[in-house]
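Below: one structure, written as structure tokens.
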Amino acid sequence: MSQITVEHNPSEERLQELGVASWPIWEKEISTFTIDFDETETAYVLEGEIVVTPVGGEPVRIVPGDLVMFHAGLDSHWEVVKPLRKHYHYD
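Quick note: the sequence shown, position 39, residue 69 per the numbering used here, numbers continuous.
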């Protein structure tokens, strides 16, 4: 399984089923940094654009409307290309 799973433009029903609207919101300015995930994060991107590159892997471009799972054990480099605003939830 990939360390990053992207579901493009999930249905309103899917978002409601997950309770996305009740998740906290995280915002980040244009920047680069590393994040190591010790638990799985699910995120729904509201605004912005990021390129997440797993250590030793290929870059993944994430844009508004993407529902993304960053799986536990992922060590990654983030490039926030456009200011980011996303809902997030840890399993």
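For glycine and all other residues, C-beta sits at the position ideal for the given N, C-alpha and C.
Item	Value
DSSP state of ALA51, grouped into three classes?	helix
Assign TYR74 to buried or exposed, taking buried as 16 or more other Cβ atoms, counted over all protein chains shown, within 10 Å of its Cβ.	buried
What are the boundary residues of the beta strand (DSSP E) that includes GLY78?	71 to 84
Please state if the CB of VAL85 and the CB of MET68 are separated by a distance shorter than 7 Å.	Checking the displayed sequence, the identity of residue 68 turns out to be Asp instead of Met. No; because the gap between Cβ atoms is not below 7 Å, this pair is not in contact.
Can you tell me the Cβ-Cβ gap for GLU57 and LEU114, rounded? I've got them flagged as a contact below 8 Å.	6 Å
Out of THR83, HIS119, ARG44, TRP108, which has the shortest C-alpha to C-alpha gap to ILE60?	TRP108
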